[in-house]
Structure formats: C-alpha cells, structure tokens
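Take a look at the structure below.
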Amino acid sequence: MTDYREQTLEELLEEEKKLRKERVTLRFQHGTRQLLDTSALKKNKKSLARLLTVISEKRKSA
C-alpha cells in the first residue's frame with residue numbers, strides 16, 4: 087500500500103484500469119473453470135480496494 091501512496095493520481099488511475107481488466111479476465115476464467123488459482127480473485131479484489139482507498143485519499147487532499 088505504501089507504493090500506491092508514492093504514485094501520482096494519474097498512475098493510480100492507470101493501475102485501476104489494469105486491475106479492473108484483470109478482474110474481468112479472472113472472473114471469466116473462473117466461470118469457465120479455467121482458473122487454477124482461485125485465490126487470485128481475492129487478491130485482485132483486495133488490491134483494487136487498497137488502490138481505491140488511496141485514490142480517495144488523494145482526491146480529498148487535493
């Protein structure tokens with residue numbers, strides 16, 4: 087989470103797009119039973135939540 091706090095808002099928004107795209111891919115793979123590591127869904131969800139928290143903090147402080 088500290089690495090997110092060091093990034094600019096633009097970089098964070100790009101990372102958000104990447105994580106959301108990855109989440110769609112993971113959900114699709116899970117639905118078609120191609121996903122071997124189902125914990126990847128949980129890890130992605132938590133990373134996205136952490137990222138959105140930092141984005142919210144940066145927007146409030148700006």
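The numbering used here runs 86 ahead of the 1-based position in the sequence shown. Ideal Cβ positions, reconstructed from N, Cα and C, are used throughout, including at glycine. Predicted, not measured: the structure shown is a model, and the values here were computed from it.
Would you decide whether residue i is buried or exposed? Buried here means 16 or more other CB atoms lie within 10 Å of its CB.
i	result
L122	exposed
V140	buried
Helix, strand or coil for residue i per DSSP?
i	result
R119	coil
A126	helix
A135	helix
T94	coil
Does the separation of the CB atoms of residue i and residue j fall below 8 Å?
i	j	result
K144	L95	yes
H116	L134	no
Apart from the five residues on each side of it in sequence, which residues of its chain come closer than 8 Å, Cβ to Cβ, to residue i?
i	result
I131	Note that residue 131 is Lys in the sequence shown, not Ile. R109, listed in sequence order.
L105	N130, S133, L134, L137
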